[in-house]
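K.L.:
If you count the sequence shown from 1, position 161 lands on 163 in this note's numbering, and the numbers rise without skipping.
Every residue, glycine too, gets a C-beta built ideally from N, C-alpha and C.
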Amino acid sequence: MSGMLIRNLGCIVTGNLDNPVRNVESVYVEDGLLAEVGSTTTTADTVIDANGLALTPGFVDGHTHPLLGGFTPRQNALGWCESYLHGGVTSMVSAGECHVPGRPTDPEGLKALAVLTGRSYDAHRPGGVKVNAGTLLLDDDMTEADIEDASQAGIERMKILFALNDVDRARDLVQWGRERDITSMMHCGGSSLPGTDNITAAMFEHIRPDIAAHFNGGPTPLPDEGIDRLIEGTDMVLELIVGGNQSVAVDVLERMSERDELSRMQIGTDTPTGTGVISCGMLLEMSILAGMTDVPAEKIVALATGQVADHHDLGTGVVAEGLPADLCLLDAPMGSQADDAMGALDHGEYAAVDKVFVDGELLVDGSRNAPPAKRPAIVE
Ligand SMILES: [Zn+2]
Numbered sequence: 003m004s005g006m007l008i009r010n011l012g013c014i015v016t017g018n019l020d021n022p023v024r025n026v027e028s029v030y031v032e033d034g035l036l037a038e039v040g041s042t043t044t045t046a047d048t049v050i051d052a053n054g055l056a057l058t059p060g061f062v063d064g065h066t067h068p069l070l071g072g073f074t075p076r077q078n079a080l081g082w083c084e085s086y087l088h089g090g091v092t093s094m095v096s097a098g099e100c101h102v103p104g105r106p107t108d109p110e111g112l113k114a115l116a117v118l119t120g121r122s123y124d125a126h127r128p129g130g131v132k133v134n135a136g137t138l139l140l141d142d143d144m145t146e147a148d149i150e151d152a153s154q155a156g157i158e159r160m161k162i163l164f165a166l167n168d169v170d171r172a173r174d175l176v177q178w179g180r181e182r183d184i185t186s187m188m189h190c191g192g193s194s195l196p197g198t199d200n201i202t203a204a205m206f207e208h209i210r211p212d213i214a215a216h217f218n219g220g221p222t223p224l225p226d227e228g229i230d231r232l233i234e235g236t237d238m239v240l241e242l243i244v245g246g247n248q249s250v251a252v253d254v255l256e257r258m259s260e261r262d263e264l265s266r267m268q269i270g271t272d273t274p275t276g277t278g279v280i281s282c283g284m285l286l287e288m289s290i291l292a293g294m295t296d297v298p299a300e301k302i303v304a305l306a307t308g309q310v311a312d313h314h315d316l317g318t319g320v321v322a323e324g325l326p327a328d329l330c331l332l333d334a335p336m337g338s339q340a341d342d343a344m345g346a347l348d349h350g351e352y353a354a355v356d357k358v359f360v361d362g363e364l365l366v367d368g369s370r371n372a373p374p375a376k377r378p379a380i381v382e
């Protein structure tokens with residue numbers, strides 16, 4: 003057994019919206035799992051002096067477009083997942099592997115694509131990141147038998163990326179998925195790809211997917227009236243992303259906070275896309291939302307970690323005993339007027355990503371992408 007003690011923590015930002023901060027000084031990790039939160043253990047194979055930094059869950063990017071490994075054909079780039087790890091991301095959710103050149107348009111091809119990508123990422127973590135992929139792109143020609151096939155093949159997520167011509171069929175596909183515990187996401191707002199059409203609030207009200215993907219636009223949001231209808235008239239999960247309209251994101255977050263409905267929110271990047279590869283995209287979106295609203299940074303962190311994991315049943319995203327030690331040590335960046343990581347986010351700045359762990363393994367010791375910490379933790 004290999005044990006790791008992280009001591010001298012400033013606090014733990016838990017990733018749990020209901021209890022977002024715990025004033026705990028140490029955690030003990032054993033065999034990749036959080037064994038003790040508020041540890042009484044004093045020695046271990048590895049001891050890290052956190053130097054007062056905040057321990058958070060690794061970020062869970064709720065909206066990515068992986069394909070295979072660290073390759074993204076949309077930006078013709080390699081190694082993007084590892085770059086995101088250096089932005090604090092330890093897990094990702096695929097909103098569809100739609101960027102494959104020559105993307106299939108028939109049910110058999112789309113199912114095969116989802117199975118291939120899902121299996122590939124199950125067997126391989128690019129840069130160490132847990133990529134939850136194999137998201138079935140839905141098509142008008144699919145039937146309940148196709149959804150059953152997907153379920154039997156282990157598919158756990160589906161996505162309506164384009165406006166389907168037959169909204170009744172789309173509604174049925176979502177329902178058939180729901181009966182098989184397949185989570186449904188639906189593109190929200192203006193078209194993002196040539197040859198596709200807008201998806202309107204009326205379509206959402208009819209089809210009723212679980213998650214309104216990029217609710218603040220990907221990149222173009224619904225008209226204001228449509229945003230009102232989905233906030234007030236549905237209980238869907240509303241996702242905010244960095245590749246969308248930030249004025250709308252700030253407004254939606256404030257309204258959902260006032261309604262005491264932050265449990266319906268999550269954060270993602272919606273990258274790599276035409277918007278680009280944004281290695282610190284989760285930090286960027288968190289800093290915008292924390293800096294420009296009154297919602298405290300520790301709750302914003304929960305929207306970027308535990309909330310995503312909860313909506314997708316990932317079994318990570320919170321600092322709790324028994325869960326994988328997918329963790330970050332964060333600080334205020336050098337030069338910041340803030341004293342700590344949450345202070346930096348509340349001020350509208352990136353937090354410094356000092357260390358990142360996946361399953362208790364130290365994978366980042368000084369981020370190559372996020373700014374450096376004021377007082378780095380020390381591996382003793
Ligand atoms: Zn997307």
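1. Which term fits residue 67, buried or exposed, when burial requires 16 or more other beta carbons within 10 angstroms of its beta carbon?
2. What residues does ligand 1 have around it, judged by CB closer than 5 Å to any heavy atom, in chain order?
3. Tell me whether residue 380 is buried or exposed, calling it buried when 16 or more other Cβ atoms sit within 10 Å of its Cβ.
4. When we look at the beta-carbon of residue 136 and count the other beta-carbons within 10 Å, is it buried (16 or more) or exposed?
5. Under DSSP, the beta strand (DSSP E) around residue 96 begins and ends at which residues?
6. How many Å lie between residue 3 and residue 192 at the Cα?
7. Nearest to residue 24 by alpha carbon, out of 224, 41, 34?
8. Considering only residues of the same chain and omitting the five flanking positions on each side of residue 371, which have a CB-CB separation below 8 Å?
9. For the alpha helix (DSSP H) holding residue 289, just list the boundary residues, first then last.
10. Let me make sure I understand the geometry here. Which of 18, 218, 124 has the alpha-carbon closest to that of residue 70?
11. Candidates 38, 357, 13: which alpha carbon is nearest residue 324's?
12. Let me check one thing: in DSSP terms, what residues is residue 330 bridge-paired to?
13. DSSP three-state call for residue 205: helix, strand or coil?
14. What is the residue span of the alpha helix (DSSP H) that residue 119 lies within?
15. Since I believe residue 45 is in contact with residue 360 (beta carbons under 8 Å), could you give me their beta-carbon distance rounded to a whole number of angstroms?
16. Per DSSP, which residues does residue 30 bridge with? Please list them.
17. Taking the beta carbon of residue 195 as the centre, do at least 16 other beta carbons fall within 10 Å, making it buried, or is it exposed?
18. Spell out the partners DSSP gives residue 132 in its beta bridges.
19. Could you check how far apart the C-beta atoms of residue 260 and residue 231 are, in whole angstroms? I think they sit under 8 Å.
20. Per DSSP, which residues does residue 139 bridge with? Please list them.
21. Contact check, residue 307 vs residue 61 under 8 Å by CB: the rounded distance?
22. Distance, Cα to Cα, residue 353 vs residue 52?
23. Taking a contact to mean a Cβ-Cβ separation below 8 Å, would you say residue 351 touches residue 338 in this structure?
24. For residue 341, does the three-state DSSP call read helix, strand or coil?
25. Quick check on residue 20: buried or exposed, where buried means 16 or more other Cβ atoms within 10 Å of its Cβ?
26. Who are the near neighbours of residue 297 in its chain, counting only those whose CB is closer than 8 Å to its CB and skipping five residues on each side?
27. Do residue 130 and residue 365 come within 8 Å of each other at the CB atom, strictly closer than that value?
28. Along the chain, where does the alpha helix (DSSP H) that runs through residue 179 open and close?
29. Quick check: residue 10 and residue 32, are their CB atoms within less than 8 Å of each other?
30. Which residue's Cα is closest to the Cα of residue 240: 266, 172, 253, 343?
31. Here's a check: name, in chain order, each residue in its chain whose Cβ is nearer than 8 Å to the Cβ of residue 289, leaving out the five neighbours to either side.
P.N.:
Reading from the atomic positions:
1. Indexing the sequence shown from 1 puts residue 67 at position 65. Buried: at least 16 other Cβ atoms inside 10 Å.
2. 97, 272
3. Here residue 380 refers to the residue found at position 378 of the sequence shown. Burial call: exposed.
4. Counting from 1 along the sequence shown, the entry for residue 136 is found at position 134. Flag for residue 136 reads buried.
5. Along the sequence shown, one-based indexing puts residue 96 at 94. Counting along the chain, the beta strand (DSSP E) containing residue 96 begins and ends at 91-96.
6. Counted from its first residue, the sequence shown places residue 3 at position 1. Counted from its first residue, the sequence shown places residue 192 at position 190. In this predicted model, residue 3 has a pLDDT of only 49, less than 50, meaning its place in the structure is not dependable; the value taken from the coordinates is given anyway. When rounded, the distance between both Cα atoms is 52 Å.
7. The count along the sequence shown starts at 1 and reaches residue 24 at position 22. Residue 24 has its Cα closest to that of 41, out of 224, 41, 34.
8. As a position in the sequence shown, residue 371 is number 369, starting the count at 1. Cβ within range, chain order: 85, 88, 89, 281, 282, 355.
9. Within the sequence shown, residue 289 is the residue found at index 287, counting from 1. Its alpha helix (DSSP H) spans residues 283-294.
10. Along the sequence shown, read from residue 1 onward, the residue named residue 70 stands at position 68. Among 18, 218, 124, the Cα nearest to that of residue 70 belongs to 124.
11. If you number the sequence shown from 1, residue 324 lands on position 322. Selection 38, 357, 13 evaluated against residue 324 yields 38 as nearest (Cα-Cα).
12. Position 328 of the sequence shown, counting from 1, holds the residue named residue 330. Note: residue 330 sits in a beta bridge opposite 58, 358.
13. If you number the sequence shown from 1, residue 205 lands on position 203. Reduced to three states, the DSSP call for residue 205 is helix.
14. For the purposes of this step, residue 119 is identified with residue 117 of the sequence shown, where counting begins at 1. For residue 119, the enclosing alpha helix (DSSP H) starts and ends at 109-125.
15. Mapped onto the sequence shown, residue 360 falls at position 358. Mapped onto the sequence shown, residue 45 falls at position 43. With a Cβ gap of about 24 Å, residue 360 and residue 45 do not count as contacting.
16. Counted from its first residue, the sequence shown places residue 30 at position 28. The partner list for residue 30 (beta bridge, DSSP) reads 7, 38.
17. For this step, residue 195 is matched to residue 193 along the sequence shown. Residue 195 is exposed by the Cβ-count criterion.
18. Position 130 of the sequence shown holds residue 132. 93.
19. Here residue 260 is taken as the residue at index 258 of the sequence shown, counted from 1. Here residue 231 is taken as the residue at index 229 of the sequence shown, counted from 1. Not really, about 17 Å apart at Cβ, beyond 8 Å.
20. To locate residue 139, count along the sequence shown from 1; it is residue 137. Residue pairing by DSSP places residue 139 opposite 161 in a beta bridge.
21. The sequence position of residue 307 within the sequence shown is 305, counting from 1. The sequence position of residue 61 within the sequence shown is 59, counting from 1. With 8 Å as the limit, residue 307 and residue 61 qualify as a contact, their Cβ atoms being about 6 Å apart.
22. Translated into positions along the sequence shown, residue 353 becomes position 351. Translated into positions along the sequence shown, residue 52 becomes position 50. Computed Cα separation, rounded: 15 Å.
23. To locate residue 351, count along the sequence shown from 1; it is residue 349. To locate residue 338, count along the sequence shown from 1; it is residue 336. Cβ atoms of residue 351 and residue 338: closer than 8 Å.
24. Position 339 of the sequence shown, counted from the first residue, corresponds to residue 341. In the structure shown, residue 341 sits in coil (DSSP, three-state: anything other than H, G, I, E or B).
25. Against the sequence shown, residue 20 aligns to sequence position 18. Its Cβ having fewer than 16 others within 10 Å, residue 20 is exposed.
26. Within the sequence shown, numbered from 1, the residue matching residue 297 stands at position 295. So the qualifying residues of the chain are 255, 256, 259, 264, 291.
27. As a first step, residue 365 is located in the sequence shown; it is residue number 363 there, counting from the start. As a first step, residue 130 is located in the sequence shown; it is residue number 128 there, counting from the start. For residue 365 and residue 130, yes; Cβs fall inside 8 Å.
28. Position 177 of the sequence shown, counting from 1, holds the residue named residue 179. Where residue 179 is concerned, the enclosing alpha helix (DSSP H) stretches over 169-180.
29. Here residue 10 corresponds to residue number 8 of the sequence shown, with the count starting at 1. Here residue 32 corresponds to residue number 30 of the sequence shown, with the count starting at 1. Contact flag unset, no.
30. Sequence index remark: in the sequence shown, residue 240 carries index 238 (1-based). Nearest C-alpha to residue 240: 266.
31. Here residue 289 is taken as the residue at index 287 of the sequence shown, counted from 1. Contacts found: 346, 347, 350, 351, 352, 353.
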